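Engineer:
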Amino acid sequence: MAPRKSVLITGCSAGGIGEGLAEAFREKGYHVFATLRTPSKISKTLSSAEYVTILTLDVLSSESISAAVESVKKETGDRLDVLINNSGEGIFAPALDTSIEAGKKIFDLNFWAPMAMLQAFSPLLINAKGCIVNNTSANSVFPMPFMSVYNGSKASLATASETWRYELQPLGVRTITLVTLAVKTQAFTKDRQFKMPETSYYFQIRELINGLTDGHLQTNGISTKQYATKVVREVEKGTVGPVWAGGSALSAKWGWWLSPQFVRDMIVESFIPVASEMAKALQR
Numbered sequence: 001m002a003p004r005k006s007v008l009i010t011g012c013s014a015g016g017i018g019e020g021l022a023e024a025f026r027e028k029g030y031h032v033f034a035t036l037r038t039p040s041k042i043s044k045t046l047s048s049a050e051y052v053t054i055l056t057l058d059v060l061s062s063e064s065i066s067a068a069v070e071s072v073k074k075e076t077g078d079r080l081d082v083l084i085n086n087s088g089e090g091i092f093a094p095a096l097d098t099s100i101e102a103g104k105k106i107f108d109l110n111f112w113a114p115m116a117m118l119q120a121f122s123p124l125l126i127n128a129k130g131c132i133v134n135n136t137s138a139n140s141v142f143p144m145p146f147m148s149v150y151n152g153s154k155a156s157l158a159t160a161s162e163t164w165r166y167e168l169q170p171l172g173v174r175t176i177t178l179v180t181l182a183v184k185t186q187a188f189t190k191d192r193q194f195k196m197p198e199t200s201y202y203f204q205i206r207e208l209i210n211g212l213t214d215g216h217l218q219t220n221g222i223s224t225k226q227y228a229t230k231v232v233r234e235v236e237k238g239t240v241g242p243v244w245a246g247g248s249a250l251s252a253k254w255g256w257w258l259s260p261q262f263v264r265d266m267i268v269e270s271f272i273p274v275a276s277e278m279a280k281a282l283q284r
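With the numbering used here, the residue at position 261 of the sequence shown is 261, and numbering never jumps.
1. For H31 and D81, what's the separation of their Cα atoms in angstroms?
2. I222: which of K184, T177, S153 sits nearest, CA to CA?
3. Quick check on I100: buried or exposed, where buried means 16 or more other Cβ atoms within 10 Å of its Cβ?
4. Does the region 99 to 119 come close enough to the region 20 to 35 to have 3 or more Cβ pairs within less than 8 Å?
5. I'd like to check one pair, A113 with S87: are the Cβ atoms closer than 8 Å?
6. May I ask you to verify whether the region 207 to 218 touches the region 125 to 143, counting CB pairs closer than 8 Å and requiring at least 3?
7. Could you tell me if M266 is buried or exposed, where buried requires 16 or more neighbouring beta carbons within 10 angstroms of its beta carbon?
8. Just how far apart, CA to CA, sit P242 and V179?
9. Are R26 and V52 closer than 8 Å when you measure CB to CB?
10. Is it a yes or a no for the region 151 to 159 touching the region 251 to 268, going by three-plus beta-carbon pairs under 8 Å?
11. Going by beta carbon distance, what residues of the same chain come within less than 6 Å of S13, once the five residues before and after it are set aside?
12. Is it right to say E19 is buried, meaning 16 or more other beta carbons lie within 10 angstroms of its own, or is it exposed?
13. Identify every residue that forms a DSSP beta bridge with K184.
14. What residue from S61, E23, K28, L57 has the CA that sits closest to S43's CA?
15. Rounded to the nearest angstrom, what separates K230 and E198 at their Cα positions?
16. Considering only residues of the region 206 to 253, which uninterrupted alpha helix (DSSP H) runs meet the minimum length of 4 residues and lie entirely inside it, listed in chain order?
17. When DSSP builds the beta bridges, which residues end up paired with N85?
18. Would you list, in sequence order, the uninterrupted beta strand (DSSP E) runs of no fewer than 3 residues that lie entirely inside the region 29 to 110?
19. Starting from L118, trace the alpha helix (DSSP H) both ways and give me its first and last residue.
20. On the DSSP bridge assignment, give the partners of T177 in chain order.
21. Could you check the C-alpha separation between L289 and G15 for me, to the nearest Å?
22. State buried or exposed for K5, treating a residue as buried only when at least 16 other CB atoms are found within 10 Å of its CB.
23. Measuring CB to CB, does L168 end up less than 8 Å from T175?
24. I need the boundaries of the beta strand (DSSP E) containing L8, first residue and last residue.
25. Taking the alpha-carbon positions, what's the F203 to M196 distance?
Here it is, written out as structure tokens:
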């Protein structure tokens, strides 16, 4: 009997994409290592599920990553079939008002942490001739206003992920770069609103900017289960390279690439009307 395949997923808090991925891989018969920084945030279903190991993992800590590697090695015999870099975070704020320190923290989590995870788990992935899946974002392609740090960090990860694909292929490891669009999660909360300084050029449209955290950008999103089912399917069938997933993924992909610049500008403005709102503010 073949050994049970294994997958490690970062960022598995209840209600998020990570939880959905963990459930989908478990249903496919994988031994799931569901990791998160705060174990108390795991769902009750996952916490009691068979063939699910909950690991405390802070992807910003080399010591924590090393401990996770050792835990997986003990369970699997120095193998890991799938590594999914899912953890991530954003900030909704104008570039002119974003502190460089805060921006660097976002890059640490969204870019450097996935690279650290790859380096740490590469021997296990190579032993298993496995697959690494990096969850980037459609924001790496669509330049949505007031998300420049998030957009930039995800664009960096997307480019790096595709570069790693060429580097890892000779070692027998596949790479999938997820280009994620709208998925209905609990990630959008009011406590993520940016405190706009009164000196900001954008102070008069602060309601528009803070409104980006209310979840309306996920209106046309798919469920975490639908998203996770697609990801599992792509992993299982041996896919490599970019995979667009989420609400209206295919139409968004081709609509963007085939559109001239002025149409792209109209698309961005339709989601976040910064030009029209600033024009109104200047007339007041």
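Heads up, the beta-carbon is just placed ideally off N, CA and C, and yes, glycines get one too.
Nothing here was measured: the structure is a model prediction, and the numbers come from that model.
Structural biologist: Quick answer:
1. Translated into the one-based positions of the sequence shown, residue 31 becomes position 31. Translated into the one-based positions of the sequence shown, residue 81 becomes position 81. For H31 and D81, the distance between alpha carbons rounds to 10 Å.
2. Locating residue 222 in the sequence shown gives position 222, counting from the first residue. Here the closest residue by C-alpha is K184.
3. Within the sequence shown, numbered from 1, the residue matching residue 100 stands at position 100. The residue is exposed, with fewer than 16 neighbouring Cβ atoms inside 10 Å.
4. no
5. Counting from one through the sequence shown, the residue named residue 87 turns up at place 87. Counting from one through the sequence shown, the residue named residue 113 turns up at place 113. Taking 8 Å as the Cβ cut-off, S87 and A113 qualify as a contacting pair.
6. no
7. Here the question's residue 266 lines up with position 266 in the sequence shown. Answer is exposed; the Cβ neighbour count stays below 16.
8. Within the sequence shown, residue 242 is the residue found at index 242, counting from 1. Within the sequence shown, residue 179 is the residue found at index 179, counting from 1. P242 and V179: Cα-Cα distance of roughly 7 Å.
9. Position 26 of the sequence shown, counted from the first residue, corresponds to residue 26. Position 52 of the sequence shown, counted from the first residue, corresponds to residue 52. Cβ distance < 8 Å, so R26 and V52 count as in contact.
10. no
11. The residue labelled residue 13 in the question sits at position 13 within the sequence shown. Answer for S13: L36, K41, listed in chain order.
12. Within the sequence shown, the letter at position 19 stands for residue 19. Burial call: buried.
13. Here residue 184 is taken as the residue at index 184 of the sequence shown, counted from 1. K184 pairs with S223.
14. Within the sequence shown, the letter at position 43 stands for residue 43. Per the Cα distances, E23.
15. As a working mapping, residue 230 is identified with position 230 in the sequence shown. As a working mapping, residue 198 is identified with position 198 in the sequence shown. Roughly 45 Å separates the two Cα atoms.
16. 206 to 210, 224 to 236
17. Position 85 of the sequence shown, counting from 1, holds the residue named residue 85. Answer is N134.
18. 31 to 36, 52 to 56, 82 to 85
19. Taking the sequence shown and counting its residues from 1, one reaches residue 118 at position 118. Segment 113 to 128, the alpha helix (DSSP H) holding L118.
20. Counting from one through the sequence shown, the residue named residue 177 turns up at place 177. N134, P242, per the DSSP bridge assignment.
21. Residue 289 lies beyond the stretch modelled for the chain, which goes from 1 to 284, so this question has no answer here.
22. Here residue 5 refers to the residue found at position 5 of the sequence shown. By the neighbour-count rule (16 or more Cβ atoms within 10 Å), K5 is buried.
23. As a working note, residue 168 is residue 168 in the sequence shown. As a working note, residue 175 is residue 175 in the sequence shown. Yes, the Cβ-Cβ distance between L168 and T175 is below 8 Å.
24. Counting from one through the sequence shown, the residue named residue 8 turns up at place 8. Per DSSP, L8 belongs to the beta strand (DSSP E) from 6 to 9.
25. On the sequence shown, residue 203 is found 203 positions in, with the first residue counted as 1. On the sequence shown, residue 196 is found 196 positions in, with the first residue counted as 1. Cα to Cα, the separation comes out at about 6 Å.
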